[in-house]
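Undergrad: In the numbering used here, the protein residues as written are -8 to 417. Got a structure for you, questions after.
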Amino acid sequence: DAADSSSVRRLSEWDAAELQTLVDGYGSPLYVLDLERVRQNYRRLAAAFPDADVLYAVKANALGDVLAALHEEGAGLECASAGEVKRALEAGASGSEVHYTAVNPPARDLDWVVDAWDEHPELTITAGSEDTIDRLADRGYDGRLCLRVNPGIGAGHHEKVQTGAAAKFGVPAERAVDVLADAAGRGFDVVGIHSHVGSGVSSDQLDDHREFVARMGDLARKVSHVVGDLEFVDVGGGFGVPYREDEEPLDLASVAAATRDALGEVDARLAIEPGRYFVADAGVLLTDVNTVKTARDTTVVGVDAGMTTLIRPAMYDAYHPIRNLTADTAADERETVPQTVAGPICESGDVFCADRELPTTERGDVLAIGNAGAYGYEMANQYNSRPRPASIVLEDGDARLARRRETVDDVTRVERETHSVSETAS
Ligand code: LLP
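Written as structure tokens, this is what we have:
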């Protein structure tokens, strides 16, 4: 599969009976992640970019098993917070394999990461503003520094994830040389420049990708004249994956060729840091149907997962494929009718799809929601005081519980602990 430069695992390819057994054993809702697919996705991408440093953007799925598997495959880990750096180090990454991308970093994060730097002097911090550089200097940091630049061009599946032109990210490219020269003068070890165009970039946005990378190449050449050679030019992640059944996967060979071509001659390594690409199609979310209701204009299918479990449809109007596992393993074929699949949260936006043609649903059926491996559990929350679901990983033909289901007791735990601490204190 690694030799193939484009591949997708569709929701229809998952084994319905096996998934059904997992829900029977571990309950619903349930996240399932196939680590073998994660590894395949990594190998295919690494093969398409043979001379690049490949990092994994931890934010897409920070489960310890995922980090350990990708690290074992050879990925570095790009981290967005102190918590992610902690996870990366716990998964076995060495300092040199960890990049911390600081976006308006809270003081607590900087304190934590600079502390960790003591023990891991090879870690890299990517700063996106002069203030961040000052705040690092204030803490005595003079280690490996990369500068996040804002090239003024964005792309991605939704305006909320087009980072390349969003003012909050990076130093405007036209000021980058001065900022880096200043940092080098202050004793920082300037190692790279970084930018991220956005997330979910599809093949029809390849021109934007090219323009974005070309601007990074131009900047790298300017920086090397003024500040000296860089170790790497990191052009971020953003590799899109198909969510709709009829969408074709990216051809990585042509993305890689376009990237190289647009970057031009630079005396530095190319670095990339995809998240979604490695994990999206490796994961499904399973959910029980508890209600089937004839509403005025549609049939509503009530399930126990909601926008607190998988927020992407509510937040970005994202499409996720949905499959009725029970109908697929039943003896008789069911008629298809338009249905609205909705969760238990008290918001009208808590729907996974509206009026989608699906096989007639019955109470007690199990639905699988596809492409849930990226930005699924990571964005789950406890709104409505709802516990988060369990996560299962599949590896070597076995299924194991990677993270238990939260209980209602977990939902109130921090408050209870707070009260017992203050009672002890008083
Ligand atoms: N590098 C940086 C600095 C990033 O901010 C991101 C994603 C990535 C890499 C990885 O991007 P990817 O390869 O996964 O597209 N929650 C949204 C996606 C937000 C992405 C934020 N940054 C979603 O569910 O679509």
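A virtual CB, placed ideally from N, CA and C, is assigned to each residue, including glycine.
According to DSSP, which residues form a beta bridge with Lys284?
TA: Paired residues: Val291.
Undergrad: Can you list the beta strand (DSSP E) stretches of 3 or more residues lying completely in the segment 144 to 186, in chain order?
TA: 180 to 185
Undergrad: Helix, strand or coil, according to DSSP, for Asp225 in the structure here?
TA: Reduced to three states, the DSSP call for Asp225 is strand.
Undergrad: Tell me the residue span of the alpha helix (DSSP H) that contains Ser245.
TA: 243 to 254
Undergrad: Taking the beta strand (DSSP E) that Tyr22 falls in, what are its first and last residues?
TA: 21 to 25
Undergrad: So, are the CB atoms of Ser19 and Leu277 less than 8 Å apart?
TA: yes
Undergrad: Since Val328 sits in a beta bridge, which residues does DSSP pair it with?
TA: Leu349
Undergrad: Return yes when the C-beta of Pro378 is under 7 Å from any heavy atom of ligand 1, and no when it is not.
TA: no
Undergrad: Mind pulling the beta strand (DSSP E) runs of 3 or more residues that sit fully within the segment 366 to 392?
TA: 381 to 386
Undergrad: Would you check if the distance between the CB atom of Asn52 and the CB atom of Ala365 is smaller than 8 Å?
TA: yes
Undergrad: DSSP beta-bridge partners for Leu101?
TA: Partner(s): none; Leu101 has no beta bridge.
Undergrad: Find out if the Cβ-Cβ distance for the pair Val162, Gly119 is shorter than 8 Å.
TA: yes
Undergrad: With a threshold of 7 Å (Cβ to nearest heavy atom), would Phe230 be considered close to ligand 1?
TA: yes
Undergrad: If Thr123 sits next to Ala93, beta carbons under 8 Å apart, how far is it from one beta carbon to the other, in whole angstroms?
TA: 5 Å
Undergrad: Between the alpha carbons of Asp252 and Arg139, how many angstroms are there, rounded?
TA: 22 Å
Undergrad: Any contact between the segment 247 to 262 and the segment 192 to 203? By contact I mean 3 or more CB pairs, one from each, below 8 Å.
TA: yes
Undergrad: For Gln11, which residues in the same chain have their Cβ closer than 8 Å to its Cβ, ignoring the five residues on either side in sequence?
TA: Leu316, Thr317, Thr320, Val357
Undergrad: What did DSSP end up calling Leu114 once you bin it into helix, strand or coil?
TA: coil
Undergrad: Does ligand 1 have even one heavy atom less than 7 Å from the beta-carbon of Lys50?
TA: yes
Undergrad: With three or more beta-carbon pairs closer than 8 Å as the criterion, would you say the segment 66 to 77 touches the segment 289 to 305?
TA: Judged by Cβ distances under 8 Å, the segment 66 to 77 makes no contact with the segment 289 to 305, as fewer than three pairs qualify.
Undergrad: CA-CA distance, Val14 and Glu353?
TA: 17 Å
Undergrad: Taking the alpha carbon of Val23 as the reference point, which residue from Val217, Glu9, Ala60 has its own alpha carbon closest?
TA: Glu9
Undergrad: Taking 7 Å as the cut-off, is the CB of Val152 close to at least one heavy atom of ligand 1?
TA: Taking 7 Å as the cut-off, the C-beta of Val152 counts as close to a heavy atom of ligand 1.
Undergrad: Decide if the segment 130 to 150 is in contact with the segment 189 to 199; the criterion is three or more beta carbon pairs, one per stretch, under 8 Å apart.
TA: With the cut-off at 8 Å, the segment 130 to 150 and the segment 189 to 199 touch.
Undergrad: Identify, in the order they occur along the chain, each residue of the same chain with its Cβ nearer than 7 Å to the Cβ of Leu61, setting aside the five sequence neighbours on each side.
TA: Counting only Cβ-Cβ distances below 7 Å, and skipping sequence neighbours, we find Val29, Tyr33, Tyr47, Phe269.
Undergrad: Along the beta strand (DSSP E) that carries Arg135, what are the first and last residues, could you check?
TA: 135 to 141
Undergrad: Among Ser215, Arg177, Tyr310, which one has its Cα closest to the Cα of Asp237?
TA: Tyr310
Undergrad: Kindly list the residues whose CB is nearer than 8 Å to the CB of Ala371, restricted to its own chain and excluding five residues on each side of it in sequence; keep chain order.
TA: Thr299, Thr300, Leu301, Ile302, Arg379, Pro380
Undergrad: Evaluate Leu392 with the Cβ neighbour count: other Cβ atoms within 10 Å of its Cβ, from every protein chain shown; 16 or more gives buried, anything less gives exposed.
TA: exposed
Undergrad: Closer than 8 Å by C-beta to Pro151: which residues in its own chain qualify, once you throw out the five before and the five after it? Chain order, please.
TA: Rather than Pro, the amino acid found at residue 151 in this sequence is Lys. Its chain contains Met306, Tyr307 as the residues whose beta carbon lies nearer than 8 Å to that of Lys151, once the 5 sequence neighbours on both sides are disregarded; these appear in chain order.
Undergrad: At which residues does the alpha helix (DSSP H) containing Asp44 begin and terminate?
TA: Run containing Asp44: none in the alpha helix (DSSP H); it sits in the beta strand (DSSP E), 44 to 48.
Undergrad: Tell me whether the segment 220 to 228 and the segment 174 to 189 touch, counting them as touching only if at least three CB pairs, one residue from each stretch, are closer than 8 Å.
TA: yes
Undergrad: Of the residues Glu75, Val283, Asp42, which one's Cα is nearest the Cα of Val57?
TA: Glu75
Undergrad: For Arg260, does the three-state DSSP call read helix, strand or coil?
TA: strand
Undergrad: DSSP beta-bridge partners for Arg314?
TA: BP columns for Arg314 point to Ala359.
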